[in-house]
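Q: UniProt numbering numbers the first residue of the sequence shown as 1 and each following residue consecutively.
So that we are looking at the same thing, I have put the structure below in structure tokens.
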Amino acid sequence: MAPLYKKALVIGATSGIGAALASKLVATGTKVVV
Numbered sequence: 001m002a003p004l005y006k007k008a009l010v011i012g013a014t015s016g017i018g019a020a021l022a023s024k025l026v027a028t029g030t031k032v033v034v
């Protein structure tokens, strides 16, 4: 599946749901800023 967005800003991505979301976004090819 192609990513909908090429870049994402994830607030609170050091643990929990934020970390899981950041990991999934990176796995789909999205550039993530934590």
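Every residue gets a Cβ at the ideal spot worked out from N, C-alpha and C, and that includes glycine.
When burial is assigned at 16 or more other CB atoms within 10 Å of the CB, is residue 27 buried or exposed?
A: In the sequence shown, the residue the question calls residue 27 occupies position 27. Classification for residue 27: exposed.
Q: Cα separation between residue 34 and residue 12?
A: As a working mapping, residue 34 is identified with position 34 in the sequence shown. As a working mapping, residue 12 is identified with position 12 in the sequence shown. Each residue's Cα considered, the two are about 7 Å apart.
Q: Have a look at residue 109 and residue 32 and give me their C-alpha separation to the nearest angstrom.
A: The first residue shown for the chain is 1 and the last is 34, placing residue 109 beyond what the model contains.
Q: Tell me where the beta strand (DSSP E) around residue 33 begins and ends.
A: Looking up residue 33 in the sequence shown gives position 33. 31-33 is the span of the beta strand (DSSP E), which, as asked, contains residue 33.
Q: Grouping DSSP H, G and I as helix and E and B as strand, with all else coil, what is residue 2?
A: Mapped onto the sequence shown, residue 2 falls at position 2. It is coil, neither helix nor strand.
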